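As structure tokens, the structure follows; a few thoughts come after it.
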Amino acid sequence: MAGSKLVLEGEISIKSFILGLSVLIIPVVRTSFGHVDWVFDRLTGTPGKIVIAVYIAVVNGLLLIVYKGPLYKVAVRACFLGVTFGCGLLLSLSRTTWTHFGWYDTPCSEYMCSLSFFHYSEYLVTAFINPRSLSLDSFLLNHSIEYTLAAVSSWVEFTVEKMVVPELKQLSYFSLLGLVMVLCGECLRKAAMLTAGSNFNHIVQNEKAQSHVLVTGGVYSLFRHPSYVGWFYWSIGTQVMLFNPVCILGYSLASWRFFRERIEEEELSLIHFFGEDYVEYKKKVSTGLPFISGIRVN
Numbered sequence: 001m002a003g004s005k006l007v008l009e010g011e012i013s014i015k016s017f018i019l020g021l022s023v024l025i026i027p028v029v030r031t032s033f034g035h036v037d038w039v040f041d042r043l044t045g046t047p048g049k050i051v052i053a054v055y056i057a058v059v060n061g062l063l064l065i066v067y068k069g070p071l072y073k074v075a076v077r078a079c080f081l082g083v084t085f086g087c088g089l090l091l092s093l094s095r096t097t098w099t100h101f102g103w104y105d106t107p108c109s110e111y112m113c114s115l116s117f118f119h120y121s122e123y124l125v126t127a128f129i130n131p132r133s134l135s136l137d138s139f140l141l142n143h144s145i146e147y148t149l150a151a152v153s154s155w156v157e158f159t160v161e162k163m164v165v166p167e168l169k170q171l172s173y174f175s176l177l178g179l180v181m182v183l184c185g186e187c188l189r190k191a192a193m194l195t196a197g198s199n200f201n202h203i204v205q206n207e208k209a210q211s212h213v214l215v216t217g218g219v220y221s222l223f224r225h226p227s228y229v230g231w232f233y234w235s236i237g238t239q240v241m242l243f244n245p246v247c248i249l250g251y252s253l254a255s256w257r258f259f260r261e262r263i264e265e266e267e268l269s270l271i272h273f274f275g276e277d278y279v280e281y282k283k284k285v286s287t288g289l290p291f292i293s294g295i296r297v298n
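Last residue of the sequence shown: 298 in this note's numbering, with the numbers rising by one and none dropped.
Written as structure tokens, this is what we have:
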């Protein structure tokens with residue numbers, strides 16, 4: 001892992017995420033004027049949405065005053081993810097049938113919390129292990145057009161099916177299964193990032209850095225590409241969590257194809273960097289993803 005001191009951008013992201021998460025104080029303040037159940041019910045209605053929108057505007061104004069330029073861009077993204085995580089928690093406490101977007105049943109976290117935590121933790125862990133590669137792209141919020149379309153598709157499917165076949169979204173065991181997949185995938189990916197340390201990068205490297213070493217210990221002794229394995233099951237888990245039948249299939253196929261191509265591209269570089277050492281490692285350890293063996297070596 002890189003130096004013990006967190007870089008400035010990382011520190012700002014933590015403060016901003018917590019600031020966004022402070023949206024949770026809204027019902028606490030409001031309980032002084034009404035019963036707690038009434039408060040949570042109102043928060044999911046139009047008045048509550050207006051209050052949250054005003055809160056976000058005020059917080060954004062504060063960030064504009066405190067941070068300038070690139071630091072503001074970091075702060076506003078981290079704060080947005082904190083607000084999303086907080087709203088997921090608020091939604092979990094409300095009397096609404098849309099809880100799968102927030103929190104199904106304590107302590108089972110659900111979609112909003114899972115999605116926002118994934119993106120924020122990608123940035124924060126990168127700030128710890130490889131600050132030289134840290135950028136706004138480390139949030140993975142603008143990963144690709146395909147990624148954005150996939151996310152929007154899942155929201156559309158959930159909303160349509162919720163309105164047309166509401167009972168389909170009441171299958172709690174699917175939500176729990178999705179939660180397990182998300183948690184396991186998240187933990188595996190972050191373990192891979194921390195194990196790889198400064199060797200980890202969100203972008204496939206074509207040139208070997210002086211500090212670049214072949215990592216084969218920890219979770220890399222189980223899978224050659226544990227970060228991809230974690231992301232693969234995390235992404236599918238989010239759709240199992242929402243029980244989106246169409247997107248479960250779509251995410252599975254799209255993710256499988258993406259990681260197959262990504263692994264082949266990455267292994268070309270790894271063989272170029274480490275030669276026979278990587279070839280031997282490749283023979284002993286699988287990719288960890290179904291029906292993906294990586295680049296073929298003669």
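We put the beta carbon where it would ideally sit given N, CA and C, even for glycine. Bear in mind that the values here come from a model prediction, so they are computed numbers and not experimental data.
For the alpha helix (DSSP H) that residue i lies in, which residues bound it at each end?
i           : result
residue 239 : 226 to 242
residue 208 : Run containing residue 208: none; DSSP gives neither H nor E here.
residue 153 : 145 to 164
residue 186 : 172 to 196
residue 132 : It is not in any alpha helix (DSSP H) - residue 132 carries neither H nor E in the DSSP assignment.
residue 215 : Careful: residue 215 lies outside any alpha helix (DSSP H) and carries neither H nor E.
residue 260 : 245 to 274
residue 92  : 69 to 92
residue 10  : 8 to 21
Going along the chain, which residues of its own chain have a beta-carbon closer than 7 angstroms to the beta-carbon of residue i, five neighbours each way excluded?
i           : result
residue 201 : 130 and 133
residue 182 : 114, 234, 237, 238 and 241
residue 215 : 195, 196 and 199
residue 223 : 229, 285, 286, 287 and 288
residue 168 : 161 and 243
residue 269 : 204, 205 and 206
residue 104 : For residue 104, the predicted structure reports a pLDDT of 42, less than 50, and the residue's modelled location is therefore unreliable. The matter cannot be settled from this model.
residue 56  : 83
Leaving out five residues on either side along the sequence, give the residues of the same chain with a beta carbon under 6 angstroms from the beta carbon of residue i.
i           : result
residue 267 : 294 and 295
residue 255 : 232 and 235
residue 281 : 216
residue 157 : 244, 246 and 247
residue 102 : A caution first: residue 102 carries a pLDDT of 46, below 50, which makes its placement in the model too unreliable to give a value.
Consult DSSP for residue i and reduce its assignment to one of helix, strand or coil.
i           : result
residue 287 : coil
residue 201 : coil
residue 39  : Caution applies to residue 39, whose pLDDT of 49 falls short of 50 and renders its modelled position unreliable; the value that the coordinates give is listed next. Helix at residue 39.
residue 220 : helix
residue 282 : helix
residue 60  : helix
residue 140 : coil
residue 5   : coil
residue 295 : coil
residue 110 : coil
Tell me which same chain residues have a C-beta within less than 8 angstroms of the C-beta of residue i, skipping the five on either side of it?
i           : result
residue 12  : 67, 71, 74, 75 and 78
residue 279 : 271 and 297
residue 120 : 13, 17, 78, 81, 82, 85 and 139
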